[in-house]
Structures are given as C-alpha cells and as structure tokens.
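This report concerns only the one structure given below.
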Amino acid sequence: MVHFTVTWFCGECLQPCLQVTSPLCPLCRVPFDPKKVERSSSVEKQLASYKAPCRGCSKKVTLVKMRSHIASCSKVHEQIANCPKFVPVVPTSQPIPSNIPNRSTFVCPFCGARNLDQQELVNHCMDNHRNDPNKVVCPVCSAMPWGDPSYKSSNFLQHLLHRHKFSYDTFVDYSIDEEAALQAALALSLAEN
1 MVHFTVTWFC GECLQPCLQV TSPLCPLCRV PFDPKKVERS SSVEKQLASY KAPCRGCSKK
61 VTLVKMRSHI ASCSKVHEQI ANCPKFVPVV PTSQPIPSNI PNRSTFVCPF CGARNLDQQE
121 LVNHCMDNHR NDPNKVVCPV CSAMPWGDPS YKSSNFLQHL LHRHKFSYDT FVDYSIDEEA
181 ALQAALALSL AEN
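Residue numbers (UniProt numbering): 1 to 193.
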C-alpha cells in the first residue's frame with residue numbers, strides 16, 4: 001500500500017519544479033503531476049489574517065502583504081544601507097590568483113547567448129529553450145575544475161534547476177582538488193565536536 005502525504009509549498013519554492021517537463025517534489029524528489037497542484041485556501045486565509053511586525057518600522061502587517069511592505073519601507077532600506085560590509089573572521093590563507101577562470105557568467109549551450117549569470121542562464125533557458133530536446137553540456141559544471149566538458153546532460157533544464165540553486169563560489173575552494181576538499185571538510189567537522 002502506498003501512502004502519499006500532502007505537503008504545502010509556497011509558489012516561489014514550487015515554481016522551478018513546475019517549469020520542467022518531468023517535475024519532482026522539492027522535498028522528496030518523487031515525480032508528481034503538475035495538473036494536480038492546488039492552491040490551499042486554508043493557507044491563503046492564514047496568510048491574509050496573521051500579522052507580524054515589519055523588521056524595519058515594527059508596523060504590524062498581514063503576512064500576505066509583508067513582501068510589498070518591506071519593499072517600500074524606508075526603515076528597512078535605511079537598515080540595509082547601514083549594514084556593515086562583510087569582513088572575514090579570520091584572514092584567508094589562500095593567495096589571490098592572478099588568472100581566475102570566469103565562473104560568474106556563462107554561455108547558453110543551446111543558442112550561444114553570452115554573459116549570463118547563473119540565474120539569468122536559468123531564466124533564459126526556461127524562456128527560450130524549454131522544449132529543446134537536444135542534449136547539451138552544462139556550462140556551470142564544465143567551468144568547475146572537476147567538471148567534464150564533454151558530458152551532455154539528457155535533461156539540462158531539470159539539471160540546471162535542481163543542481164545549480166546556489167553559487168559554488170560561496171562554498172568551494174577551487175585551488176584544492178576534490179579529495180583535499182573532502183579531507184578538509186572532515187577535519188573541520190571533527191574539530192567542531
């Protein structure tokens with residue numbers, strides 16, 4: 001007997017899953033029928049009735065209107081403008097390389113459109129190549145030191161949406177190989193305990 005659990009997602013979280021031909025649940029990765037996605041009237045009622053204070057002006061605003069309020073709240077904009085710049089806690093031991101490969105912008109593997117950042121690449125491919133059946137090399141993966149520049153993804157759009165939700169630059173030290181990165185992560189993990 002198969003038991004399915006009903007899970008609620010906000011539209012923003014579910015939207016990338018609905019843009020591919022074979023959508024997968026963002027939680028468990030099981031395929032689902034996008035025609036069976038329903039709006040939850042109970043959740044919408046809760047969002048329309050619950051109020052929370054704005055983080056800038058402390059005015060109580062319904063959750064459904066919070067994003068638009070924050071976008072126009074002068075106190076929030078003041079806080080953002082006065083936010084201190086990021087400074088690393090410990091100076092990095094890594095030298096600043098002189099010839100850094102460009103891992104910030106990419107070329108569309110379907111049409112060759114250039115200078116697309118990761119999110120622009122996703123949007124461009126969804127808008128212009130959603131139904132393109134061609135197998136292509138992922139430009140994000142091939143830009144990585146461990147990437148295979150000859151591997152063609154059978155479902156590039158799904159790969160892009162599910163594998164490249166964040167920028168690798170945030171988490172990866174490109175100057176060390178995969179094994180050294182694994183050993184460093186294990187050492188840090190053990191040091192925390």
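Each residue gets a CB set at the ideal place from its N, CA and C atoms; glycine is no exception.
Could you tell me which of the options sits nearest to residue i, measuring between CA atoms?
| i | options | result |
| --- | --- | --- |
| Gln79 | Ser22, Cys57, Cys25 | Cys57 |
| Val43 | Cys73, Cys10, Gly147 | Cys10 |
| Cys28 | Tyr151, Thr21, Leu14 | Leu14 |
| Glu120 | Val37, Lys59, Ser93, His164 | His164 |
| Lys152 | Ala143, Cys138, Trp146, Pro145 | Cys138 |
| residue 196 | Leu188, Ser150, Ala143, Ala187 | A query on residue 196 cannot be resolved here, the shown segment of the chain reaching from 1 to 193 and no further. |
| Asn128 | Asp117, Ala113, Ala81 | Ala113 |
| Glu179 | Thr92, Trp146, Gln118, Ala81 | Trp146 |
| residue 216 | Thr21, Val6, Arg67 | One cannot answer for residue 216 here, as it falls past the ends of the chain, which runs 1 to 193. |
| Thr21 | Leu190, Leu188, Arg130 | Arg130 |
Would residue i and residue j qualify as a contact pair, given that the criterion is a beta-carbon distance under 9 Å?
| i | j | result |
| --- | --- | --- |
| Pro34 | Pro26 | no |
| Cys108 | Cys125 | yes |
| Ser16 | Val122 | With the sequence shown as reference, residue 16 is identified as Pro, and Ser is not the correct amino acid for it. Closer than 9 Å, so yes. |
| Gln46 | Leu161 | no |
Report the CB separation of residue i from residue j in whole angstroms; it is logged as a contact under 8 Å.
| i | j | result |
| --- | --- | --- |
| Phe110 | Val140 | About 14 Å; that fails the 8 Å criterion. |
| residue 197 | Thr62 | Residue 197 lies beyond the residue range present for the chain, which begins at 1 and ends at 193; the question has no answer from this structure. |
| residue 209 | Trp8 | Within the shown structure, residues of the chain are numbered from 1 to 193, placing residue 209 beyond reach of any answer. |
| Ala52 | Lys60 | 7 Å |
| Val76 | Arg55 | 6 Å |
Indicate whether the contact test is met: 3 or more Cβ pairs, each with one atom in the segment 152-163 and one in the segment 128-136, closer than 8 Å. With a cut-off of 8 Å, the segment 128-136 and the segment 152-163 count as touching, because enough Cβ pairs lie within range.
Any alpha helix (DSSP H) of 4 or more consecutive residues that is wholly inside the segment 93-167: Runs of the alpha helix (DSSP H) inside the segment 93-167: 118-128, 139-142, 156-163.
At which residue ranges does the segment 12-100 contain complete alpha helix (DSSP H) runs of 4 or more residues, listed in the order of the chain? Runs found: 41-49, 66-72, 74-81.
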